[in-house]
Structures are given as structure tokens and as C-alpha cells.
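Residue numbers (the working numbering): 5 to 1019.
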Amino acid sequence: MKQVKFKLPLRTLTLAGGLLLAASSFAQSNAIKGQVKDASGEPVMGATITANGKPLGITDIDGNFSVNAAPGTELTFTYLGMTAQTVKATTNMAIVMSDDTNALNEVVVIGYGQAKKNDLTGSVTAIKPDEKNHGLITNAQDMMQGKIAGVNVVSNGGSPGSGARIRIRGGSSLNASNDPLIVIDGLAMDNQGVKGLSNPLSMVNPNDIESFTVLKDASATAIYGSRGSNGVIIITTKKGRKNMAPQVSYNGSVSISTKTKTLDVLDGNQYREFIKSYYGEESDAAALLGTANTDWQDNIYRTAVSHEHNLTISGGIANMPYRVSVGYTGQRGILKTSGFRRTTASMTLNPSFFDDHLKFNVNGKFMYAKNQYANTDAISNAARMDPTQPVYSWNSQFKNTNRYFDWMIAGTTLNDPDYPLMHNKNATSNPVAMLNEKDDRANSRDYMGNVEVDYQVHGFEDLRLHMNFSGDWANGNQYTTYAPWGPTNFYYGNDGFTKESKYNLTYTAYAQYYKDFAKTQHFDIMGGYEWSHNKYWGNSHYAGIYPSTNTETDKVGTLYNESISEWKQESYLVSFYGRANYIAFDRYMLTATVRRDGSSRFKEHWATFPSVALGWKINEEAFLKNVKALSELKLRLGWGKTGQQDGIGNYNYFASYNVNSTNTNGRYPINGVNDSGLLYRPDAYNENLSWETTETWNAGIDFSFLNNRITGSVDYYYRKTTDLINTATVAAGSNFRNQVSSNIGSLKNTGVEMSLTVRPIQSKNWNWEVTANATYNKNEITELTGKSAIVMTGGISSGTGNLCQAHSVGHPANSFYVFQQVYDAAGKPLEGVFVDRNADGKITNDDRYFYKSPAAPWIAGLSSRLQYKNWDFGFSLRASFDNYVFNDTQAGYVNVEKRYDSSFDYLQNVTPSALANGWVTYDKVLSDHFVQNASFLKCDNITLGYSFDNLFKSKVYDGPSGRIFLAATNVFTITKYDGIDPEISGGADRNNPDGIDNYIYPRPFTIQLGLSLNF
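Okay, here's the thing in C-alpha cells:
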């Protein structure tokens, strides 16, 4: 990815005269033609071409140009922020423009405004999505993965359209949200999804994204106050250009995805041999064996074909730049019955009036998505199902299972003569039947828009007034049906819906004053107000039904196990904020911000979040100013406080009651007192609940050498979060539950971030750019109060009620809390034999210890893109070091004795490793044997592309330009981890900790063929 450079309005004015020539210049018969690229090989759109001061034209969207000039004429190519190039006109010209290190017009988007890149004092990274070096991109988070130092993006598995866990500089909370604030075109998203739209980034078509700006330290994020503790990601979408002729572009691709790996279990022949040798040839277990050899995992996966298409029209009518786009994504999942379809549309208008004093930015976005959810429980059942049984059977006992094989028991409790047998709910289920029994679909719609007004006051141009009205309205409906022949809701079936709606409204207004004086001093100050309102509501209804053949005639046709619920919540946030910048002699910088937030989520509504930062452009000092090899050397120091009020609920600080108005089965009527039986159940609450506050110190240095051929930065940070919010145990009788949300302690994160971009080759035909980043982060809990010395978390499926993780002082959050395993001389783990760590002669919970963490202390990314003439080749690697995973999948197979469950009379498969260990209970799975090193090196993508001009050229039409490419995604993983994938996310539910592997939806290997056309 290349660094984004936004230009001040001066660029637009410079381009305006030449833009009008772009449309007609390509029709010239004796034209000089060529292409302009930057140092990284990206086309430069809007570069101006002049001869002897006379404008001849500008480059188009692909950097191509065609001007009327005689060979040998000196042509000058200019683009603000880049060094002008003057060359003699020839045929098929290839111009490479380099960054102008003295250009001060380069700006990046920050919180509530823009700032010159060279003047930034906080830790801010601005990137532009690499349009050439990428694999399959469905959602915006795919474009950031492995590309930004300090930012860790872990997808929630391979499910179509799924989201990701994004962490900036580690987590700063235990039970509240650790997700960064996402701001799209000025609207702060609320991270509250609806059915079918759990990922807020899925509503933005990746093809519409112009740039990402990531604010990482408190001096950059404090302007967002109580929402800035976890960092801020600002997404800016693409716009049209003033006076530009219409440009039409198409981007599309088709992809094929397959599974990469399955769990190693016994095949049919191996399993038959095992059962007969372990239980005996004449045993009850052997009598249950079938004659088939079924690969159940192969039966639930498929080769999935997906496609996407995007069409864009952009340009400018006089002072009205516009951009309109539509997109469609059709993604099939490799797990049968899963899929994701999305249609997006966006429109951007950016008119300006009164000599650019009054500017409007009008954005409208629409998204309609259809999710088809597979029954993901089929993944675990496919690994466990007896491989000697067939998928289908025409045996009469399966007449009520739609001919799917199933473990059956006597159906006497159903009271239905047509159902002598019923599904054994304690047994493993037929995974193919589980996929086909469930029809689970969600339709969601999202409308997002904003109107932004910026006025530069006439006669007082140093003052700007800015307002932004923005809103996000979404609704999602999920309809789920379980067939009555399926194992999940056998006999009764189940049918129902969940409907959810929300809106997020924001109004922002601020004034900004700029002043340069004494030729060497700059000062600007900004003050503003913001109001936001979030509301979320919904209802659900699910029920089965008694079939007509049931002998209890009074129940026939009535609802079975009916469940009804409804909910409604809202919150408000009111804020006042300000920022001041002072720059002296273009090298000494001071930035100060403050925000005062009032939240409806706390009894003490108001809190203040300040920050201050210093910057020093060392290369501008006299002793370095003439060092030509040094393009930039800047020191940054920052301090600030930010808050946290997300992910904790809206009504935790005052008394509230739940009324069972919808659950008719849970009423307690009292004649003459409460005839309806309504029950008012009090909720637990904590009136003293307060903000989490994160204090951050940051020191960084930015450097650039050899005219920006080597650029990079190094940052050190220290973050301490106090008043941690977590669900903590309270004394019996002191509240309405034994656990309540409380402020229980503090934690810290310390780390180092490094990023480096090197351009080893820059020539007419060759361009090579390599970008690398690495991050070290150490997380440690420093205080826990009250009864919270050890807070257990991290539930696993192995055993009963086991928790394998805990929070405790002196250790990282979610550290594994297990027994220390003892091994024999051959390295075999001995069942139930643990180290007596406290030497009291017995093994108890006091012998558990903290062992490793799911959070990787080191993460890194590497991207390379090599271009030769029209060809480009790129790849991206990503690494994680010393992260650990509790292999819950492996632990679930340890009990070899339970491969035949005599209590419920069924068989289940086993792994070779479980057979080798020979354990016979589930009682001892809380062992460090299952806490495994999950370090990895992944190749996220490899891409080969070819760019072309003048396709299907004729005498009257030059033809479109474009690019065709072939890409592979999730190419390989190098790891010692025993599971399917070492990269384990807790998923969409923030309460699920990372690092517990329990049958994730596997990430597929994908081959993609893509085409881009520009007309």
C-alpha cells in the first residue's frame, strides 16, 4: 500500500483548466501519447501537461495522456506534491514522477478536519488500498490486514461476508468493547449490527474506498473522547473531480474457493478395526458398525464459485464533481448451504460556490444484503460422525428422517404411532442432514448519508465554518426454519423470525481559524459541538408445532416450545471539543486537544479527555537542512487521555425490570392480585459504574531518505487503562444477581511499532516497492479489586463447565489458567498426572498456573510489488509470533472410552493422536498440553496482472484501458499448530475471548480472475 496524499484546494484550481481538455485530447490524429506513474508504479490521475507554459491536457484515470505536440517539443508534467518533469516529446512516453519532499500541501484526514502530513504530531497512518497487490476482498477489513503497524485484523473464519476482530495496539478493556471507532465520511459508526449485518464495514463497497486513516495514540484520538480508547479508523470514499469529462469504469472478478485442510480422523476401515479391537468383535459397540466408508467432512464442503461486479461513473459538471457507483457481490461459502449476496449503491456530489468559499459534500450509500447461514454445528459433527455409516439409508427406521441415517431411540414419548423411533439427541448428528434441515436466511438494508457544509467566510478567509448532518438507518430480518425430519428439532420442527432495526444520527458543527504571521509562525484553532443519538429495537418469535398424527388431539396444531421476545434501547452522547496547533519556523510543532463528553450510559454523565503533542522537524535545522540524502526526520512526543463507553449496555447504573409480557409459560397468576401472572424481574445494576479511562504516552520518529526511496517510522507507546469494566462477582444478597458490571482494576499495554517502505528500483520500465511493518505489544493486568483476584473466563466444550482462561494481576488478559502436564519418557502425556506446584501433596485448583496468552506479542506484515512495463507481480505475507491457542477440538477427543457411548448407544469417531495418548475420561482436559504454540507465517495473496491501453482500438475510438489479473488468496500457512488453522478469533460476540479453537468455519484457498476497464 502506498501512503495517501490528499491535496489542498490549490490542486483543484491548478487542474481545472486542463481537465476540460481530457475528453477531446485522445481524438487528435497526430497526438503524443504516454502514461504518467508515480514512484511506486501507480498511475497519476490529473497530472497537467504544458508546453512553453501553454496547457495541453491532463492525464486520465489510468495516468494516460494524448496531447497535440510535435516530436521533440519540451513537455512539462506537473502534479502538486510531486517534482515537475520536463522531457522531450516522443512516441509512447513513460513518465515517472517522484514525491516533492518540499511540498507542504500534502494533507491527511484526521478527526474533524485535515492536517498537513508534515505537521502531524500524533501517531497517524494514512494508506490507500493497493489496487494491484491484493487477493479476494469482500469487506473493508480485508484491505487492512497485515498492512498497518500496530493494527491486527483477524477474520471471524471463512464464512461468506463475515466480519473480523480489529485491534489497535492491543486490547484496552476486559469486558467492554475493544473494537476501534470506525468513521465513514464523517459518521461515527456505532458497532451495533442488525440481523444479516453484524459487520459494520460490510455496508461499504471496498471499490468505493479512497483511503484509510488510522489514529493510534491519544494525542490523535482524544478528539473523539469517550470513543477513542481503542483507536480510530477513518474511511474516506472516492469522489469525482471538478470539470472532468465523464469517466466510466468497471471492475469485476470470478473466483473459485476450496477447503485447505480437514481434521485428521479415522476413515471407515480404520474405525471398524479400532472398535473391534478395543471393545471386542462381539461387543455392543461392534454391533453398531456399518459397512460404509464415508468421509463426512468431504460431504459437507464444496468447491464454491463466487463473483463480483462494480460499475462507476465519475466526473464533474462545472463546479459539480460527482461520482455514482453500483456493486454486486455474490459469494458462495465452501460449507454447503452458506452464501452471501450484497448489492451496494453510492452517490457523491461535491459542489462548490462563490469561488470555492462555500463547499458541499453530499454522500448517500445504500446496501442490501442477503445472507444464507449454514448450520455450522455440522462442522464438528462431520468430524465426530461414525465413518462406517452412510449419508442416506432406505432402512425403514429412517422413514421419518428424510432417509438420512441417524442415531435413533424409541419414540414413545412423542405419543405418535407414526413415529416409533425418534432422533437420539445425545448422539452425534448426521452433518449432511443438519445442513439441509435448516433454512436460515437474513435480509438486511442499510442507508447511510451525510450532508457536509464548509464555508470560508468572505472577507475573513482565515475562518472556516463547518457542519455535518449524518445518519445511518438499518434493519435486518432473519427467518429460520428447521424441518421436522432433521436432528435439531426432530418431530416438531421450528420456525420463526428475528427482526431488528436501528438508527444512528449525528450532528457536528465546528469553526476553525487559521493564521500565519511574522512569516515563520502558524496558528490554527478549532472548536465544535457534536450530538449523537443511537436507537436499537426488535422482536422475535419462534415455535415448533404438534403434528396432526399426535394422539394428544388437544395439542394437534398447537405451538410447541414457543419463544417470544422484544427489546428496545437507546443512548445519547453530547460533546464539546477543541484543537489548537502552533507551528514555529516550520519545524517546531505543538498540538493540544480537549473533548468534554456527556453520555447517557453513566450516572456521572460528563468526563473530560485532554491531549497534548510536540513535534520537531529535525531535518529543517541548519545542521541537516543541506543533507540531500535526508528527505525527512521528525520527532514526535504525545500524551493524552481517552475514554470507553461502548459494549457495556445502556442501563447498567439504575434500577430496571424485565417484564415477562411475551413468555406465557413463565407466568405466576395470583387470583385477585395479579390475575395475568405478569412477573417483574429486577435487573442487576451498579449506580457507581463509571468510564474506563486510557492514558497514553507516545514517542515516535519519522524518517525518509534518498528522495523518499526509503521511508519509515518507529513508535514507542505506553497505555494504561484504569477503572476497567468487567462482570465481577459480588457478595450474596447485595444485588439482584451474583455478578454485575463493575469497575474492577487496571491494565497496561506497552509496545513498539515499526514500518518501512523501500523502493529499490525506480526506472522507466521497472518499479519495485517493498513495504514491511512489525509490532511488539505486551499486555498486563496491573490491578484487580474486591473479590476479583482471579476472574475466570474462556469456556470450552471439553468436559463440563470448564473455563481455561483467567484475568489476574501480573498477567496478560485472557491468559490460559491450566494444570502443568507431566509426560512419560517417550513424551506421552499421562492422564491426570500434573505437577503439584504448591507442594501440598495433592492436586487441586490451587495447582493451576498462568501459562501463555492468546495475544501474540509480535505481529508483522510484508508486501512486495514488482512492475515491469505493463506487468505487475505482488504478494503479501503476514506473521504472528508466540501466540497460543487452547486446542479445544483436540481436547474433545481425548476420552477414547467414549468412542462408544454405552449410556446413549451410539458411536463417534476419534483422532489418531487421541488413540496414541489413550486417555479414558474428560476430567483432566484443563492441561497445558492442549495450550499450543500457534505462531504462523501466512501468504495472504499472490497477484499477477497485466495492464493494457487502447483495447479494440479503431479509427474513431481509442478503446478502453484496463487490467486483467490472476490472484490467489490464503495461499499457504507455515505453522507447528496441530489444528486446522492457527489464527483463532473469538468471533462476532465480543464476550468470546480469542485463542480457543472449537471448529471454526475454515478459511478457504481462493483463485480469482479479475478484469478492470476504463472507458
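Note that beta-carbon positions come from the ideal geometry of N, C-alpha and C, so glycine has one too. In this text the structure is predicted, and so the values were computed from the model without any measurement.
Which of helix, strand or coil DSSP assigns to residue i
| i | result |
| --- | --- |
| Lys9 | At Lys9, the pLDDT of 37 sits below 50, so the modelled position is not reliable and the matter cannot be decided from this model. |
| Arg583 | strand |
| Gly117 | strand |
| Ser552 | coil |
| Gln274 | helix |
| Tyr657 | coil |
| Met148 | coil |
| Ser163 | coil |
| Gly229 | helix |
| Phe402 | helix |
| Ser329 | strand |
| Pro686 | strand |
| Pro997 | coil |
| Tyr926 | coil |
Residue environment, residue i, which counts as buried when at least 16 other CB atoms sit within 10 Å
| i | result |
| --- | --- |
| Asn742 | exposed |
| Asn565 | exposed |
| Leu140 | buried |
| Arg841 | exposed |
| Asp520 | exposed |
| His470 | buried |
| Gln118 | exposed |
| Trp610 | exposed |
| Asn755 | Per the sequence shown, the amino acid found at residue 755 is Gly instead of Asn. By the neighbour-count rule (16 or more Cβ atoms within 10 Å), Gly755 is buried. |
| Lys632 | exposed |
Residues near residue i in its chain [Cβ-Cβ closer than 6 Å; skip 5 each side]
| i | result |
| --- | --- |
| Arg869 | Asn137, Glu773 and Gly878 |
| Ala883 | Ala864 and Leu941 |
| Asn654 | Gln573, Ser575 and Arg605 |
| Val734 | Val744 |
| Lys363 | Ser356 and Asp458 |
| Asn156 | Arg171 and Ile863 |
| Met1034 | Since the first and last residues shown for the chain are 5 and 1019, residue 1034 lies out of range. |
| Leu467 | Val461 and Tyr517 |
| Asn406 | Trp489 |
| Tyr254 | Leu315 and Leu1017 |
| Gly1014 | Ser257 and Phe969 |
| Gly1051 | The structure shown does not extend to residue 1051, since the chain spans only 5 to 1019, so no value can be given for it. |
| Pro866 | Checking the sequence shown, residue 866 turns out to be Leu, not Pro. Counting only Cβ-Cβ distances below 6 Å, and skipping sequence neighbours, we find Ala776 and Leu881. |
| Ile794 | Ala810 and Ser812 |
For residue j and residue i, the rounded distance between their alpha carbons
| i | j | result |
| --- | --- | --- |
| Tyr661 | Leu683 | 9 Å |
| Gly999 | Phe823 | 17 Å |
| Ala180 | Ile338 | 33 Å |
| Val236 | Leu760 | 22 Å |
| Leu710 | Leu634 | 6 Å |
| Val542 | Thr502 | Sequence inspection shows Gly at residue 542; the Val mentioned does not correspond to that position. Rounded to the nearest angstrom, the two C-alpha atoms are 7 Å apart. |
| Phe854 | Ser801 | 20 Å |
| Ser261 | Ser708 | 41 Å |
| Asp687 | Ser746 | 14 Å |
| Asp4 | Tyr950 | Because residue 4 is not part of the residues shown, which for the chain are 5 to 1019, the question remains open. |
Spatial neighbours of residue i in its chain, beta-carbon cut-off 7 Å, leaving aside the 5 residues before and after
| i | result |
| --- | --- |
| His361 | Tyr459, Gln460 and His462 |
| Met426 | Met412, Ile413, Gly415, Leu418, Phe494 and Tyr495 |
| Thr142 | Gly165, Thr333 and Gln335 |
| Asp268 | Thr915 and Pro916 |
| Asp422 | Thr553 |
| Thr726 | Thr697 and Ser750 |
| Asn899 | Trp923, Val924, Thr925 and Tyr926 |
| Lys199 | Ala446, Ser448, Gly480, Asn481, Gln482, Thr502 and Glu504 |
Three CB pairs or more closer than 8 Å across the segment 305–312 and the segment 288–295: no
Segment contact, 8 Å Cβ cut-off, at least three pairs: the segment 435–442 with the segment 521–530: no
contact_flag[the segment 628–648, the segment 218–237] where n(CB pairs < 8 Å) is 3 or more: yes
The segment 579–588 touching the segment 533–540, judged by at least three CB pairs closer than 8 Å: yes
Contact between the segment 968–980 and the segment 946–959 (3+ Cβ pairs under 8 Å): yes
Three CB pairs or more closer than 8 Å across the segment 476–483 and the segment 504–513: yes
The segment 999–1008 in contact with the segment 957–967 per 3-pair CB rule at 8 Å: no
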